[in-house]
Amino acid sequence: MNYQQQSAIAYLSGPCLVLAGAGSGKTRVITHKISWLLTECGYDARRVVALTFTNKAAREMSQRLSELTDRRLMKGLTVSTFHSFGLRFLREEARYLDLKPGFSVLDANDSLAIIQEHLETTDKARLRAVQQAISLWKNALIDVDQAEAQAFNPSDLESARTYRHYCATLEAYQAVDFDDLIRLPALLLQSNEGVRKRWQSRIHYLLIDEYQDTNACQYEFMRLLVGKRAMFTAVGDDDQAIYTWRGATVENLKRLAEDYPELKLIKLEQNYRSVQRILSAANQLIANNISTYGKKLWSDLGVGEAIHVTPMESDRAEAESIAIRLSAARFERQAQWRDFAVLYRGNHQARVLEQALRELRIPYSVSGGQSFFDRPEIRDILAYLRLLANEQDDAAFIRAATTPRRGIGQRSLEVLGRYATQHGWSLFEAALNIVGSDVLPTRQSDVLSHFVAFIQRYQAKFLSRAPVYKSQQLTLESALTKVDASVDESPTQAITSLIREIRYEAWLFDSFDEKPAEKRWQNVCELIDWLQYKVDQEDLSLEMLVQHIALMSMLERADDDDPNTVRLSTIHAAKGLEYPHVYLIGVEEGLLPHTGRFEETLTEEEAALAQAHRIQEERRLMYVGITRAQRSLHISWCRARRRARELIACEPSRFIAEMGLVPDPDESDVQEQSISPKQRLSQLRALLQ
DNA sequence: CGAAGAGTAGTTTTT
DNA sequence: CTACTCTTCG
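Residue numbers are given in numbering that gives the first Met the number 0: position 390 of the first sequence equals residue 389, and the series is strictly consecutive.
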């Protein structure tokens, strides 16, 4: 532990900001600080909260923490993502926000559907833009009225109107979205003194990871949680701020110094991860950015080998070449597959790579990408669970009512929707009251009321379970209290019987070919297993489980099996991780830095400014990518790339020149041309036999 | 109402 | 090339 790390850990006199460069032992400082608080300073674990941005980071933190701390002292400690923490807060304080305890947590898909319904357009770009606008407004704590007042052009006005409709819909659904998980707690802490006092006296020390990624909302949340006492440690690196598109603002770093004049600033500049060659390139690159706090990273791990820069003919050739080079490198370096990572800008780039790797039988795993919980069959089942927990969740109602097909179609839903709007009901309530009304033919209303009765039957099953949330004295600790064990049927048993009753398996095999159907059914079974596991592990009620699922990005099983595979990952998803050998691909103008479409509504200067910010963020992204590498770094770019259905010419990224790198003579395209990838592939195959 | 077929648009990053 | 949408037919 170096001097700076030690002082960061031991500093407890007030607010503390640790500027931790890439690989400078950031997580180490946080975990040791928590351990220090618990074991040396006598802090009660229930009074300490550590917040991260990703589930992965939270998991790693508690993992590493438990390696250096007595388990008994950790009891009641909170290490979670901002969003999970916000969810827990909301569950406890739901009554102050007119939210019922079973409120739904909508994911991005659900919220997009609401927006689409209101806008009545299928223009995907527009929909995304509006969704983004709404999210940014929420994250900046701008309410509907303010948004409308600030709208200067028709496009913004339409977005603001949609914002209004969107918020109203969420309220009607008794649902919150991701942004609300932080926004609502922040607003409640602002407006309700009693709640504020309670939380401020409950939390004695707060730690925040990746502080540079906080948005205005999260800042406010944090500020109100720590109160005047201001006992917190924020750890971050302004050079690694790569989420400003999500509302994160580096301004928060400056604001911290302004709001807390007594703020203790500690810089961690020694890098323990990479060889000097890699670090120098990273430093040289990031020097092109305007930085808030200057940092000079250094390491004593030696100079290291040269950074390879390789031009490729096409994205296909790049993928094949990477596959070959991975095989060769593993052999030459006597390394494991898990020592290698291939990083890229966009998820779609994984496609070609996967193909190439499969051809060479190279084991790989893709991080990020499509989430397990995004698969249609999983969403089907979850729709039922969501509906059980909250019958006002219209989105869940529609999905559950129409899957599997039970004779409720577009037309019936339209009529039902109108009927519901007329009376100010949810779809569920409307369906409940539809028998006897003459809005639908008896055949349809029978099916609907049959469906409603079915849902109610299962609701009763779950309701008979101890409803944890009703307890008035619910606290952080007791939220996880064991569910009444005297009930005859476990939640997962009930879910299993529900799935059987809707004949989901049969429906799958009916609607799809044997192979895909089997896979889907397997996923459903996996979901049930996972639910069972969660129920056993954490004693969560169905409600809490369902709410939590929206926050799970991937199947969290990776920790038990430790696959020896090459990691394929977006640079974003690789943040915080490190690999001995990194291949950074697609380093081209237009892709990295990525250039999206420019906004027509902006003036020329505004557009130029936005563009400048964009480039800086992309540069930080490149910086993050580079600094993942410990020993060797390989950068490649393509002369041409398939995009949509045409081949477009590409230029090497300006970042390559900014780092002062030139193509590596040994691996230049001369060799690429003299021997085709296919030939090299078969050569290598022969070699490997 | 729902399934099968034809046509068409599409690519940033994520809790 | 593929994944999704819209259309048409039973």
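Yeah, the Cβ is synthetic: ideal placement off N, Cα and C, and Gly gets one too.
Asked, Found
"Check for me: the alpha helix (DSSP H) holding GLN629 runs from which residue to which?", "First-last for GLN629: 628 to 637, but that is the beta strand (DSSP E), not the alpha helix (DSSP H)."
"Would you kindly work out how many angstroms separate the C-alpha atoms of ALA314 and THR77, rounded to a whole number?", "It should be pointed out that residue 314 corresponds to Asp in this sequence rather than to Ala. Taking the straight line joining both Cα atoms gives about 44 Å."
"What's the gap between the Cα of ARG613 and the Cα of GLN131?", "16 Å"
"Would you say the segment 315 to 327 touches the segment 359 to 368, given that touching needs at least three Cβ pairs under 8 Å?", "yes"
"Taking only three categories from DSSP, how would you classify GLU261?", "coil"
"For MET621, report the span of its beta strand (DSSP E) as first-last.", "Premise fails: MET621 lies in the alpha helix (DSSP H), 603 to 625, not in any beta strand (DSSP E)."
"Distance check for MET551 and TYR582, CA to CA, integer angstroms please.", "28 Å"
"With a threshold of 7 Å on Cβ separation, who are the neighbours of THR53 within its own chain once the five nearest residues in sequence on each side are excluded?", "THR80"
"Ordered along the chain, which non-local residues of its own chain (more than five positions away) have a Cβ less than 8 Å from that of LEU590?", "ARG344, GLY345, ARG640, CYS649 and SER652"
"Please tell me whether TYR760 and ASP212 are closer than 8 Å, where the distance is taken between their beta carbons.", "Outside the shown range of the chain, which is 0 to 688, sits residue 760, and nothing can be said about it."
"Go ahead and label SER23 buried or exposed: buried means 16 or more other beta carbons lie within 10 angstroms of its beta carbon, across all protein chains shown.", "buried"
"Taking SER34 as the reference, which of ALA318, GLU59, PRO153 and LEU67 has the closest Cα?", "LEU67"
"Compare the beta carbon distance of ILE584 and VAL341 with 8 Å and say whether it is the shorter of the two.", "yes"
"Assuming ALA419 and VAL451 make a contact with CB atoms under 8 Å, what is their CB distance in whole Å?", "Not a contact, Cβ separation roughly 13 Å."
"Quick one, which of ALA49, LEU50 and ALA44 has its alpha-carbon nearest ARG70's?", "ALA44"
"Could you check whether ASP179 and ASP110 sit closer than 8 Å to each other, using their CB atoms as the reference points?", "Rather than Asp, the amino acid found at residue 110 in this sequence is Ser. Result no, Cβ atoms of SER110 and ASP179 do not sit closer than 8 Å."
"Taking just the CA atoms, how far does ILE454 sit from LEU387?", "7 Å"
"Roughly how many angstroms lie between the CA atoms of ASP299 and GLN275, to the nearest whole one?", "7 Å"
"Classify LYS32 as buried or exposed, calling it buried when 16 or more other Cβ atoms lie within 10 Å of its own Cβ.", "buried"
"Taking the beta carbon of TRP297 as the centre, do at least 16 other beta carbons fall within 10 Å, making it buried, or is it exposed?", "exposed"
"Below 8 Å, can you find three or more Cβ-Cβ pairs linking the segment 268 to 286 to the segment 614 to 629?", "yes"
"Out of curiosity, what's the CA-to-CA distance linking ALA606 and GLU59?", "40 Å"
"Using a 10 Å radius around the Cβ and a threshold of 16 neighbouring Cβ atoms, would you call TRP244 buried or exposed?", "exposed"
"Just verifying my parser: in three-state terms, what is the DSSP assignment at GLU587?", "strand"
"Are the beta-carbon atoms belonging to ALA9 and CYS15 less than 8 Å from one another?", "no"
"Please list, in chain order, all residues of the same chain as CYS216 whose beta carbon is under 8 Å from its beta carbon, the five residues on each side excluded.", "LYS137, ASN138, ALA139, LEU140, ASP178, ILE181, ARG182, ALA185 and GLY246"
"Check whether the segment 520 to 535 and the segment 80 to 92 touch, using three or more Cβ-Cβ pairs below 8 Å as the test.", "no"
"Pop quiz: LEU187 and VAL194 are said to be a contact at Cβ under 8 Å. What is the actual Cβ separation, rounded to whole angstroms?", "6 Å"
"Return yes when the Cβ of THR30 is within less than 8 Å of the Cβ of ARG63, no when it is not.", "yes"
"Have a look at TYR383, ALA49, GLU617 and SER436 and flag the residue whose alpha-carbon is nearest the alpha-carbon of MET73.", "ALA49"
"Can you tell me which of ARG87, ILE113, ILE114 and ALA112 puts its alpha carbon nearest to the alpha carbon of GLY101?", "ARG87"
"Taking only three categories from DSSP, how would you classify ARG45?", "helix"
"Bridge partners of HIS307, per DSSP?", "HIS633"
"Buried or exposed: ARG618, going by 16 or more other Cβ atoms within 10 Å of its Cβ?", "buried"
"Taking DSSP as the reference, what is the three-state secondary structure of CYS15?", "strand"
"Given a cut-off of 8 Å on the beta-carbon distance, is the pair ASP393 and LEU426 in contact?", "yes"
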